[in-house]
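Visitor: So in the working numbering, spot 126 of the sequence shown is number 131, and the numbers just go up one at a time. For each residue, glycine too, the CB sits at the ideal point set by N, CA and C. None of the values given here were measured: they were computed from a predicted structure.
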Amino acid sequence: MSEKIYPDTPSVSQPVFQCLSNTQAQLENHTELCNGSSAAIWRREESDLTRYQHPGHHTLSCYLGGGHAIRRLFTHRTQGGGGPGRICLMPGDGDSHWDVNGSIQFMHLYFSEQHLKDLAGRIQDKSSDHLQLQDMTFIEDSWISNLCQQVIRPLNWQDNADRIALSSASDMLMVHLLKNYCGNYTSLPESKGGLSPYLQRQLLDYIEQHLDHPLTLQELAAFAQLSEYHFARMFKVSFGQAPHQYVTERRLNRAADLIRNKRLSLAEIALQCGFSSQSHFSQRFKQFYHVTPAQYRKGH
6 MSEKIYPDTP
16 SVSQPVFQCL
26 SNTQAQLENH
36 TELCNGSSAA
46 IWRREESDLT
56 RYQHPGHHTL
66 SCYLGGGHAI
76 RRLFTHRTQG
86 GGGPGRICLM
96 PGDGDSHWDV
106 NGSIQFMHLY
116 FSEQHLKDLA
126 GRIQDKSSDH
136 LQLQDMTFIE
146 DSWISNLCQQ
156 VIRPLNWQDN
166 ADRIALSSAS
176 DMLMVHLLKN
186 YCGNYTSLPE
196 SKGGLSPYLQ
206 RQLLDYIEQH
216 LDHPLTLQEL
226 AAFAQLSEYH
236 FARMFKVSFG
246 QAPHQYVTER
256 RLNRAADLIR
266 NKRLSLAEIA
276 LQCGFSSQSH
286 FSQRFKQFYH
296 VTPAQYRKGH
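Okay, here's the thing in structure tokens:
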């Protein structure tokens, strides 16, 4: 087995991602998120030794499949316990050494220390300069595992219609890390209020006028003049669902209206409703209405 060691030099890109790119690992999915983080899904079949030396960014790893034979190597011991649903957290200033054996599929979320501090500051409405992210190996955290497996993984990572959900979910993951695996972090009590009636009307009008655009969480929060974290929380209080769920439903409702009019092709409707392709539009439409767009058109 050949050992891959990434140099102890932080860079603009994610060194852990670059390190895996230099192994036999297969990249199955990857996206850059509008909040500054990025995510990737990898598969490894070959035995190998891999080492991440002070990459300069944090990495959250969620095992999606396999991983039972992988072991983390320490100076005087080794640690096993991998498997589907297990979580590893690798701080940016750490050094981790892995003996990979057997098949494994896993998702990585890469994010910077500054991003974590900024997110903590937005939640607390005050500066958060001293955070200590814990180094965790093969832990059980069903909340993280379920979010990765059931929410993030099934999304179309290259589709504009799903980017708001991806960014929102990544922020949710980092907030969870702050609250559960970060020393020197104390959150403030959260207010229970939602958006004002006036802002609700303005926001819904804005969404309706821009359904053919990506509509990121960052854009909607900026329109409301709130932090992304507080906006997402207050939106759900006001409307009973997350921003990405509301936007997706409005896209599909508009698509249904356009289908009934029978003036546009299904490909044109997909673009006008913010979907990157007709196939992705058809998939989402069927999930929501339980019929394909073509079947819906025939019935109306």
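State the start and end residues of the unbroken beta strand (DSSP E) segment that holds E37.
Guide: First-last of the beta strand (DSSP E) with E37: Q31 to E37.
Visitor: Given a cut-off of 8 Å, decide if M177 and L152 are closer than it, judged by their beta-carbon atoms.
Guide: Cβ distance < 8 Å, so L152 and M177 count as in contact.
Visitor: Pull up the distance between the alpha-carbon of Q214 and that of R82, whole angstroms please.
Guide: Distance between the alpha carbons of Q214 and R82 is about 59 Å.
Visitor: Please check the pair R91 and Q84, which I expect to be a contact at CB under 8 Å, by giving their CB distance rounded to whole angstroms.
Guide: Going by Cβ atoms, the distance from R91 to Q84 rounds to 11 Å, so no, they are not a contact pair.
Visitor: Taking all protein chains shown into account, decide if Q23 is buried (16 or more other Cβ within 10 angstroms of its Cβ) or exposed.
Guide: That one is exposed.
Visitor: For A170, collect the residues of the same chain with a Cβ closer than 7 Å to its Cβ; drop the 5 residues on either side in sequence, then sort them by chain order.
Guide: If we look at A170 and ignore the five residues flanking it on each side, its Cβ neighbours are L160 and H249.
Visitor: In the DSSP assignment, what residue or residues form a beta bridge with L114?
Guide: Note: L114 sits in a beta bridge opposite A44 and L65.
Visitor: Could you tell me the distance, in whole angstroms, from the CA atom of L276 to the CA atom of Q288?
Guide: Answer to the nearest angstrom: the Cα atoms are 14 Å apart.
Visitor: Could you give the distance in angstroms between the alpha-carbon of G188 and the alpha-carbon of L136?
Guide: Distance between the alpha carbons of G188 and L136 is about 6 Å.
Visitor: Kindly confirm or deny that the segment 66 to 76 and the segment 92 to 111 touch, where touching means at least three C-beta pairs closer than 8 Å.
Guide: As far as the Cβ criterion goes, the segment 66 to 76 touches the segment 92 to 111, which means the pair count is three or higher.
Visitor: Taking only three categories from DSSP, how would you classify Q58?
Guide: Three-state DSSP puts Q58 in a strand.
Visitor: When you compare only the Cα positions, how much space is there between P219 and R256?
Guide: Rounded to whole angstroms, P219 to R256 spans 11 Å at the Cα level.
Visitor: My parser needs the alpha helix (DSSP H) runs of 4 or more residues fully inside the segment 160 to 212; what are they?
Guide: 165 to 186, all fully within the segment 160 to 212.
Visitor: If you count every other CB in all the chains shown that lies within 10 Å of the CB of L193, and 16 or more means buried, which is it?
Guide: At L193, the pLDDT of 49 sits below 50, so the modelled position is not reliable; the number obtained from the coordinates is stated separately. L193 should be labelled exposed.
Visitor: Assuming C93 and S52 are in contact, meaning their beta carbons sit under 8 Å apart, how far apart are those beta carbons, in whole angstroms?
Guide: That belief does not hold up - the Cβ atoms of C93 and S52 are roughly 19 Å apart, past 8 Å.
Visitor: Using a Cβ-Cβ cut-off of 7 Å (strictly less than) and excluding sequence neighbours within five positions of Y186, which residues of its own chain qualify?
Guide: The residues are L94, L138, Q139 and M141.
Visitor: Assuming L124 and L183 are in contact, meaning their beta carbons sit under 8 Å apart, how far apart are those beta carbons, in whole angstroms?
Guide: The pair is a contact, with the Cβ atoms about 7 Å apart (cut-off 8 Å).
Visitor: I'd like the span of the alpha helix (DSSP H) that includes C24, first residue to last.
Guide: Per DSSP, C24 belongs to the alpha helix (DSSP H) from P20 to S26.
Visitor: How long is the line joining the alpha carbons of T64 and R168, rounded to whole angstroms?
Guide: When rounded, the distance between both Cα atoms is 20 Å.
Visitor: Just the Cα atoms here: how many angstroms apart are H35 and E254?
Guide: Approximately 25 Å between the Cα atoms of the pair.
Visitor: In whole angstroms, give me the CA-to-CA distance for P89 and S147.
Guide: When rounded, the distance between both Cα atoms is 11 Å.
Visitor: L276 bridges to which residues according to DSSP?
Guide: Answer is none; L276 lacks a bridge partner.
Visitor: Check each candidate in E273, G279 and R206 and name the one with the smallest Cα separation from F244.
Guide: The candidate whose alpha carbon is nearest that of F244 is R206.
Visitor: In the DSSP assignment, what residue or residues form a beta bridge with D104?
Guide: In the DSSP output, where bridge partners are listed per residue, D104 has L54 and R76.
Visitor: Assign Q230 to one of three DSSP states: helix, strand, or coil.
Guide: Coil, per DSSP.
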